[in-house]
Amino acid sequence: MNETDRGGIHDVVVVGGGAAGLSAALVLGRARLRTLVVDAGEPRNAPSSHMQGYLSRDGMAPAEFLARGREEIARYGVGLVRDRVTDVTRGEEDFTLALDAGGSVRARRLVVATGLRDELPEVPGVAERFGRDVLHCPFCHGWEVRDEPFGVLASGATSVHQALMVSQWSKDVTFFLHRVAEEELSDQDLRRLAAAGVEVVPGEVAGLVVEDDRLTGVRLADGSTHARSVLFTGPRPVPQTGLLERLGAELAETPSGAYPVVDPTGLTTVPGVWAAGNAIGFAEQVVHAASGGYRAAAAIVGDLLMSRLDAALNG
612 MNETDRGGIH DVVVVGGGAA GLSAALVLGR ARLRTLVVDA GEPRNAPSSH MQGYLSRDGM
672 APAEFLARGR EEIARYGVGL VRDRVTDVTR GEEDFTLALD AGGSVRARRL VVATGLRDEL
732 PEVPGVAERF GRDVLHCPFC HGWEVRDEPF GVLASGATSV HQALMVSQWS KDVTFFLHRV
792 AEEELSDQDL RRLAAAGVEV VPGEVAGLVV EDDRLTGVRL ADGSTHARSV LFTGPRPVPQ
852 TGLLERLGAE LAETPSGAYP VVDPTGLTTV PGVWAAGNAI GFAEQVVHAA SGGYRAAAAI
912 VGDLLMSRLD AALNG
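As structure tokens, this is what we get:
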């Protein structure tokens, strides 16, 4: 019998089985709370072959990291189902979550760790090579490609910042304006790019040059080609906030999309609902997401305990 078939109610259901969700589930399981993780199996960092900057896990493959996490939560009786939550309703004292495969689960508290989806620039070859030699985060991948010829494909308001940042890892950086007019860059932008030694190339990017399954250049619409072995670009983040919106959680607009308003533990404006990981912001790296899941879980343990004690006193 799987977790969704059991009667009764879970103390906590965690929606999303990435770093934030699994971290929360680990803490909740160790606190002896009946916990279920519902995971659609679509981690944001799936295209990457490795993750960096996580102390003791530096260089680990994301898939291995998640597999170990699933093994760890199982030791503490935490259930996990491969499914997608399609709807959620709030009752007087609990939440009911409808599952795509059918049936539903109930929980006293929720952790929403549904992350976000990256929309890449519509340039041929970019999506196919994303996470390999088309990258977005120098902190994640910069060391591995240090000193190679970098390109930066302009994709939004933060592209100048990205072009400047990646110059920390390579002194050979070309900034492709793509569909951004050079006149849109401020004098300060141009001065900083020049100071960093970044070459600015106007003109629309038509595609990538790939040889022997390796990026070798960037091709412009005018037919010219610039030799590059790495291309950075900034995806447009699409927060996965559908469940939170159904529950009436307050969202706040940011330059990277609308995210839930949360307190320091991840508690949203909906009582009993916490959010963690990329569900609360674009820049949550794996280590941040895991920390956020831990904080949310610790707060939930205290919240449920105090609720039980208060009910006993008033009963």
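Okay, so the sequence shown: first residue is 612 according to my numbering, each after it adds one. Ideal Cβ positions, reconstructed from N, Cα and C, are used throughout, including at glycine. These numbers were taken from a predicted model, which means no experiment stands behind them.
Check	Outcome
Is Ser578 helix, strand or coil by DSSP?	Here the chain comprises residues numbered 612 to 926, so residue 578 is not present and cannot be evaluated.
Quick one: give me the first and last residue of the alpha helix (DSSP H) that Ile905 is part of.	The amino acid at residue 905 is misidentified as Ile; the sequence shows Tyr. Where Tyr905 is concerned, the enclosing alpha helix (DSSP H) stretches over 897-925.
What's the call for Gln896, buried or exposed, on a 16-neighbour Cβ count within 10 Å?	buried
Have a look at Arg857, Ile911, Phe843 and flag the residue whose alpha-carbon is nearest the alpha-carbon of Ser778.	Phe843
Between the beta-carbon of Thr785 and the beta-carbon of Val812, is there less than 8 Å?	yes
Could you check what DSSP says for Glu793 in three-state terms: helix, strand or coil?	helix
Helix, strand or coil: how does DSSP classify Pro866 here?	coil
Along the chain, where does the beta strand (DSSP E) containing Gly818 start, and where does it finish?	816-822
Of the choices Leu801, Gly762, Gly690, Asp823, whose alpha-carbon is the least far from that of Asp622?	Gly690
Bridge partners of Phe706, per DSSP?	Arg701, Ala718
Are the beta-carbon atoms belonging to Pro850 and Ala869 less than 8 Å from one another?	yes
Excluding the five sequence neighbours on either side, which residues of its own chain have a C-beta within less than 8 Å of the C-beta of Ala910, listed in chain order?	Thr876, Gly877, Leu878, Trp885
Given that a residue counts as buried once 16 or more other Cβ atoms are within 10 Å of its Cβ, and exposed if not, what is Gln663?	buried
Assuming Glu861 and Thr836 form a contact by the criterion Cβ under 8 Å, report the distance between their Cβ atoms to the nearest whole angstrom.	No, Glu861 and Thr836 are not in contact; Cβ-Cβ is about 49 Å, not under 8 Å.
Looking at the unbroken beta strand (DSSP E) that takes in His837, where does it start and where does it end?	836-838
Measure from the alpha carbon of Val570 to the alpha carbon of each residue in Glu703, Ala718, Gly814, then state which is nearest.	The question about residue 570 has no answer here: the residues shown for the chain are numbered 612 through 926.
Looking at Ala635: is its Cβ nearer than 8 Å to the Cβ of Ala724?	yes
Straight-line CA distance for Asp783 to Leu831?	19 Å
Considering Ile632, what are the terminal residues of the alpha helix (DSSP H) in which it resides?	Looking at the sequence provided, one finds Gly at residue 632 rather than Ile. Here the alpha helix (DSSP H) through Gly632 covers 630-641.
For Pro760, which of helix, strand or coil comes out of DSSP?	coil
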